[in-house]
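In this note's numbering, the protein residues as written are 1 to 64. First comes the structure, then the notes that go with it.
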Amino acid sequence: PRKIRVLDSTLREGEQHPGVSFTSKQRIQIAWMLDYFGVDQIEISPVVSKDHQEATKTIIKQGL
């Protein structure tokens, strides 16, 4: 059987919508949920602030 791989861009594209801005805590929680549901790859937006940089580092360190 073929394996299907899932890529999610919520953390990259989600904040492109007007009025949407994830906190660092929300970014980490979203990454955990995506991992829990078996998403193979998570796309993350470019780092635009110190908070996003720290959240991105945390996501990477946790292997998500």
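All C-beta atoms, glycine included, are put in the ideal place defined by N, C-alpha and C. Model, not experiment: these values are computed from the prediction.
By DSSP's assignment, Gln-41 forms a beta bridge with Leu-7.
Judged by DSSP secondary structure, Ser-24 falls within the alpha helix (DSSP H) whose first and last residues are 24-36.
Boundaries of the alpha helix (DSSP H) harbouring Glu-54: 50-61, taken from the DSSP string. With respect to the 8 Å criterion, Thr-56 and Ile-42 are not classified as neighbours on the basis of their beta carbons.
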